[in-house]
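Here's the structure we're looking at; comments come further down.
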Amino acid sequence: MPALYPVDKHCPLRAEPWSEARARAGIESIICDCLESFDARWLWPTHPLDGDEAYGTSFYYGAGGVFWGVSFLARQGLVEAPPDWFSRWLPMLLERNLAARASYPPTIDPSRSYLCGDIPLLMLQHVHEPAPALADRLFQRLEGASEGPVSELMWGLAGCMLATLHLHAATGQGRWLELYRAQAQRLLAAGEQLPGVGYHWRPELYGQRHDGLGAVHGFAGNVLALLAGLRELSSSGRGALLERVPQTLINTAVEAAGRVNWPRSTSVEKPFRVYHCHGAPGIITSLAALPVGTSPTLDRLLLEAGELVYEAGPLRKGPSLCHGTAGNGFAFLKLYERTRDEHWLSRARQFAMHSLWQVERGRELFGQGRYSLWTGDIGVALYLHECLQASARFPTLDVF
């Protein structure tokens, strides 16, 4: 029987019962720590586990994502940010983000990145200070970004597609949907049929071909962007997508004893991981919007993948979204949303309590929080909020 996950990467699930009061207090504590630790010059201190890497201003791994998390939770009425915080500091974040472009390798263009470039910072500015000129600037940026060569979520076309949908939701303007349709057509055309695999994308990333299956750099992330605007696809595009997606995931799934996982890529089967970015959790989260019954086989595989995530348990690496306990817990929220089976919600809340304990334990060990959205504490606060609401909106992907 193949080993579908590395046991040493996981730890036993704590037996702490779900508590709404503790979850709300945890959210408040994380936000207060973010606000109190902010420094105008350094933004936030780098976490010891991140070595000498600077967080920068990106949404994925930097100050932009923390600003967005505080903004989102404030808009939900859970916390109160300083009244001039966003208007005062967002222009500086944008300036630093643009200045940082020179440090990127030539194979990466952050101007086309939804998670790492200035696009989401401009979007957040539009949330707090909407203006037609800013919307026009964003439209031009996303229109230009659509011509980029990278067909994946973090750096390329799929991320831009999510941005256009968020901006349509914010403005109601039809031009965003027109742009999304053009982007979707281009993304669908970029895929190819691979023997024994099915329909797949192999973008050039970091100077080489990348054939990942995961939710950040691979197949699942592209599918998420297409499913997010499924009703906007042409009938032929919609039909092709709903036929191709199950085929690829069925062909690449590895099953054992009622559990299933997916390799990181079609060319490198091992080691398996159970992260949002690589493996079953991200596949579930990305595919949750696939209509139930499209493929009964894939419906079964997604449930078996959920069982694997629970069996594996929380991640020793930490509580974060991208490769941590909270990100894995989103798979349970998505399965609850998909099936309305309460045991998935219960499991999500169990992981929420464990992830909050990991945040608190981390502060004790290192004397500080971890200040980023996808890899730090603010992502846990957003996960706790979704568990309170019994909803499954993954930050920046499902909601902006």
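With this note's numbering, the residue at position 73 of the sequence shown is 912, and numbering never jumps.
Cβ atoms here follow ideal geometry from the backbone N, Cα and C, with glycine treated the same way.
(1) What residues are listed by DSSP as bridge partners for Y943?
(2) Count Cβ pairs between the segment 1040 to 1057 and the segment 1104 to 1124 that sit closer than 8 Å; are there 3 or more?
(3) If I follow the unbroken alpha helix (DSSP H) through L1184, where does it start and stop?
(4) Following the continuous beta strand (DSSP E) through G1053, name the residue where it begins and the one where it ends.
(5) From what residue to what residue does the alpha helix (DSSP H) around L929 run?
(6) Taking P944 as the reference, give the member of D975, P884, L1044, W881 with the closest Cα.
(7) Give the secondary structure of Q964 by DSSP, where H, G and I count as helix, E and B as strand, and everything else as coil.
(8) With 16 other CB atoms within 10 Å as the buried threshold, where does T946 fall?
(9) Just how far apart, CA to CA, sit H1007 and R1014?
(10) The beta strand (DSSP E) spanning A842 covers which residue range?
(11) Tell whether a beta-carbon distance below 7 Å holds between H967 and L973.
(12) Please state the DSSP three-state secondary structure of L1072.
(13) Do G1218 and A1170 have their beta-carbon atoms positioned less than 7 Å apart in this structure?
(14) May I ask you to list the residues that DSSP assigns as paired with N1100?
(15) Taking 7 Å as the threshold (C-beta atoms), are Y1210 and W883 in contact?
(16) Output needed for L1174: all residues of its chain with C-beta closer than 8 Å, excluding positions within five of it in sequence on either side, in chain order.
(17) Closer than 7 Å by C-beta to L937: which residues in its own chain qualify, once you throw out the five before and the five after it? Chain order, please.
(18) Evaluate the contact criterion for the segment 1197 to 1207 versus the segment 894 to 902: three or more CB pairs, one atom per stretch, below 8 Å.
(19) Across which residues does DSSP place E1043 in a beta bridge pair?
(20) Nearest-angstrom Cα distance between G1081 and A879?
(21) Pop quiz: Y844 and L1172 are said to be a contact at Cβ under 8 Å. What is the actual Cβ separation, rounded to whole angstroms?
(22) Who are H849's beta bridge partners in DSSP?
(23) Report yes if the C-beta distance between I869 and V918 is below 7 Å; otherwise report no.
(24) Select from S1159, G1068, D923 the residue whose C-alpha is nearest the C-alpha of L874.
(25) Are the Cβ atoms of H1005 and F1239 separated by less than 7 Å?
(26) Compare the beta carbon distance of G1157 and Q1197 with 7 Å and say whether it is the shorter of the two.
(27) Given this structure, state the Cα-to-Cα distance separating M1000 from R1077, to the nearest angstrom.
(28) With DSSP collapsed to three states, give me the class of E1146.
(29) According to DSSP, simplified to helix, strand and coil, what is Y1222?
(30) For L852 and H1193, which I take to be in contact (beta-carbon distance under 8 Å), what is that distance rounded to the nearest angstrom?
(31) Beta strand (DSSP E) containing L1033: first to last residue?
(32) Is T1235 buried or exposed, if buried means 16 or more other CB atoms sit within 10 Å of its CB?
(33) Flag this pair as yes or no: are the beta carbons of L1137 and L1066 separated by less than 7 Å?
(34) Would you call the segment 1030 to 1046 in contact with the segment 975 to 993, where contact means no fewer than 3 C-beta pairs closer than 8 Å?
(35) Relative to the alpha-carbon of R1048, which residue among T1105, T1133, P1110, P921 has its alpha-carbon at the smallest distance?
(36) Taking the Cβ atom as the reference point for each residue, do Q1022 and S1073 lie within a distance shorter than 7 Å?
According to the structure shown:
(1) Bridge partners of Y943: none, in fact.
(2) yes
(3) 1181 to 1205
(4) Unbroken run through G1053: none, as it is neither H nor E.
(5) 924 to 938
(6) L1044
(7) helix
(8) exposed
(9) 8 Å
(10) Counting along the chain, A842 falls outside any beta strand (DSSP E), and DSSP gives it neither H nor E.
(11) no
(12) coil
(13) no
(14) V1093
(15) yes
(16) I1123, A1127, L1141, L1142, G1145, D1180, W1183
(17) D957
(18) no
(19) R1048
(20) Before going on, a small fix: residue 1081 reads as Leu here, not Gly. The straight-line gap from Cα to Cα measures roughly 48 Å.
(21) Wrong, their Cβ atoms sit about 20 Å apart, outside the cutoff.
(22) L1154
(23) no
(24) D923
(25) yes
(26) yes
(27) 16 Å
(28) helix
(29) helix
(30) 6 Å
(31) 1031 to 1033
(32) buried
(33) no
(34) yes
(35) T1105
(36) no
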